[in-house]
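Participant:
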Ligand SMILES: C[S@@+](CC[C@H](N)C(=O)[O-])C[C@H]1O[C@@H](n2cnc3c(N)ncnc32)[C@H](O)[C@@H]1O
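Residue numbers (the UniProt record's numbering): 1 to 231.
#1: State the Cα-Cα distance for the pair residue 105 and residue 194, rounded to the nearest angstrom.
#2: Kindly provide the ranges of any alpha helix (DSSP H) runs that are 4 or more residues long and lie completely inside the segment 95-120, ordered along the chain.
#3: Does any heavy atom of ligand 1 sit closer than 8 angstroms to the C-beta of residue 200?
#4: Please state the DSSP three-state secondary structure of residue 59.
#5: Cβ of residue 94 versus every heavy atom of ligand 1: is any distance shorter than 8 angstroms?
#6: Given residue 179, which residues of its chain have a CB within under 6 angstroms of its CB, disregarding the five upstream and five downstream residues?
#7: Could you tell me the distance, in whole angstroms, from the CA atom of residue 52 to the CA atom of residue 172?
#8: Tell me which residues pass a beta-carbon proximity test against ligand 1: closer than 5 angstroms to any heavy atom, given in chain order.
#9: To which residues of the same chain is residue 23 closer than 7 angstroms at the C-beta, ignoring the five residues directly before and after it?
#10: What residue does the beta strand (DSSP E) around residue 147 start on, and which one ends it?
#11: Do residue 20 and residue 100 have their beta-carbon atoms positioned less than 9 angstroms apart in this structure?
#12: If residue 58 and residue 134 are in contact, beta carbons under 8 angstroms, what's the gap, nearest whole angstrom?
#13: Assuming the contact rule is C-beta atoms closer than 8 angstroms, residue 12 and residue 145 should be a hit. Round their C-beta distance to whole Å, please.
#14: Residue 8 lies in the beta strand (DSSP E); which residues open and close that run?
#15: Could you tell me the alpha carbon to alpha carbon distance between residue 26 and residue 33, rounded to whole angstroms?
#16: So, at 8 angstroms on beta carbons, what are the nonlocal neighbours of residue 231 in its own chain, with the 5 sequence-adjacent residues on each side left out?
#17: Tell me the rounded alpha-carbon separation between residue 80 and residue 132.
#18: Since residue 136 is in the alpha helix (DSSP H), which residue starts that stretch and which ends it?
#19: For a quick check, are the C-beta atoms of residue 163 and residue 212 less than 9 angstroms apart?
#20: Excluding the five sequence neighbours on either side, which residues of its own chain have a C-beta within less than 6 angstroms of the C-beta of residue 169, listed in chain order?
#21: Please report the residue range of the beta strand (DSSP E) in which residue 226 lies.
#22: Taking residue 15 as the reference, which of 112, 86, 83, 70 has the closest Cα?
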């Protein structure tokens with residue numbers, strides 16, 4: 001049996017997905033209602049959110065301090081599988097929240113024989129909850145969650161990175177990629193969850209920048225981009 005499907009990891013993930021669904025229900029409903037009322041598309045709504053984040057992402061995400069905004073169970077299993085497939089031992093995550101995606105990735109590290117995941121999260125209360133969740137899942141020894149702005153806390157990532165998950169402020173995907181880019185080893189996987197920023201997509205889909213990238217038909221509408229560092 002793998003670490004994902006049994007024992008504390010499976011129990012904690014099951015609990016966190018249920019808690020997240022309740023905590024985020026009103027937030028999701030409000031977003032959908034705004035989109036319907038304004039007659040905009042999801043892409044237009046995302047563009048609006050990116051513009052607002054550019055003005056002040058810290059305040060916006062502080063307002064989501066109690067929200068999980070977590071990956072779905074389907075995407076989580078994909079995270080585990082891809083981290084296993086590329087035999088990841090070093091993973092960087094931008095946007096930890098309560099640690100749901102972190103648990104999927106750290107479970108893969110465990111089954112890969114060990115390693116390190118460096119996470120980043122703006123909100124101190126979320127960092128505390130993510131650490132407690134990882135502890136309960138028996139994965140805390142594999143994870144270093146850095147509290148504060150990922151643009152600062154991920155500056156000194158050293159060594160080679162096998163997998164980068166970008167899942168924080170929508171407006172920061174490109175700056176975060178460029179920050180970690182020198183550490184990506186050839187063949188490294190970069191996953192953008194909610195990768196809606198046209199600037200990010202334009203950069204990562206341009207082969208001249210050293211990537212092969214395409215959208216992932218998983219959780220359609222969530223802007224999932226799958227990228228491999230090709231050179
Ligand atoms: C979509 S949630 C992440 C969900 C998480 N990956 C999961 O699946 O459980 C985005 C998170 O990124 C955090 N965040 C936003 N901007 C950030 C920044 N500049 N540095 C670090 N964390 C940030 C937010 O506080 C929020 O908790």
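For glycine and all other residues, C-beta sits at the position ideal for the given N, C-alpha and C. Since this is a predicted model, take the numbers as computed values, not measurements.
Facilitator: Here's the rundown:
#1: Here residue 105 is taken as the residue at index 105 of the chain shown, counted from 1. Here residue 194 is taken as the residue at index 194 of the chain shown, counted from 1. Whole-angstrom Cα-Cα distance: 18 angstroms.
#2: 100-111
#3: Locating residue 200 in the chain shown gives position 200, where the first residue counts as 1. Not under cutoff, so the answer is no.
#4: Translated into the one-based positions of the chain shown, residue 59 becomes position 59. In this structure, residue 59 counts as helix in the three-state DSSP scheme.
#5: Here residue 94 corresponds to residue number 94 of the chain shown, with the count starting at 1. Yes; taking the cut-off as 8 angstroms, the Cβ of residue 94 has a heavy atom of ligand 1 nearer than that.
#6: The residue given as residue 179 occupies position 179 in the chain shown. Result list for residue 179: 154, in chain order.
#7: The residue labelled residue 52 in the question sits at position 52 within the chain shown. The residue labelled residue 172 in the question sits at position 172 within the chain shown. Answer to the nearest angstrom: the Cα atoms are 12 angstroms apart.
#8: 61, 69, 70, 71, 95, 97, 100, 101, 120, 121, 122, 123, 149, 150, 167, 168, 169
#9: Your numbering for residue 23 matches position 23 in the chain shown. Closer than 7 angstroms at the Cβ level, and outside the excluded window around residue 23, lie 66, 67, 68.
#10: Reading the chain shown from its first residue, position 147 is the one you call residue 147. Run containing residue 147: 143-147, per the beta strand (DSSP E) assignment.
#11: As a position in the chain shown, residue 100 is number 100, starting the count at 1. As a position in the chain shown, residue 20 is number 20, starting the count at 1. Result yes, Cβ atoms of residue 100 and residue 20 sit closer than 9 angstroms.
#12: Taking the chain shown and counting its residues from 1, the one referred to as residue 58 is at position 58. Taking the chain shown and counting its residues from 1, the one referred to as residue 134 is at position 134. Not quite, the Cβ-Cβ distance comes to about 24 angstroms (not below 8 angstroms), so this is no contact.
#13: Working through the chain shown from its first residue, we reach residue 12 at position 12. Working through the chain shown from its first residue, we reach residue 145 at position 145. Incorrect: roughly 16 angstroms between the Cβ atoms, too far for contact.
#14: What you label residue 8 is simply residue 8 of the chain shown in a count that begins at 1. Where residue 8 is concerned, there is no enclosing beta strand (DSSP E), although the alpha helix (DSSP H) it sits in stretches over 7-38.
#15: Looking up residue 26 in the chain shown gives position 26. Looking up residue 33 in the chain shown gives position 33. Looking at the two C-alpha atoms, the distance is approximately 10 angstroms.
#16: Residue numbering aside, residue 231 sits at position 231 when the chain shown is read from its first letter. Same-chain partners within the cutoff: 186, 210.
#17: Numbered from its first residue, the chain shown carries residue 80 at position 80. Numbered from its first residue, the chain shown carries residue 132 at position 132. Going by the C-alpha atoms only, they are around 20 angstroms apart.
#18: Counting from 1 along the chain shown, the entry for residue 136 is found at position 136. It spans 124-136 - the alpha helix (DSSP H) in which residue 136 sits, taken as one unbroken run.
#19: Taking the first residue of the chain shown as position 1, residue 163 is located at position 163. Taking the first residue of the chain shown as position 1, residue 212 is located at position 212. Contact: no.
#20: Locating residue 169 in the chain shown gives position 169, where the first residue counts as 1. The answer, listed in chain order, is 53, 57.
#21: Reading the chain shown from its first residue, position 226 is the one you call residue 226. Here the beta strand (DSSP E) through residue 226 covers 225-229.
#22: Translated into the one-based positions of the chain shown, residue 15 becomes position 15. Looking at the Cα atoms, 70 is the closest of the given residues.
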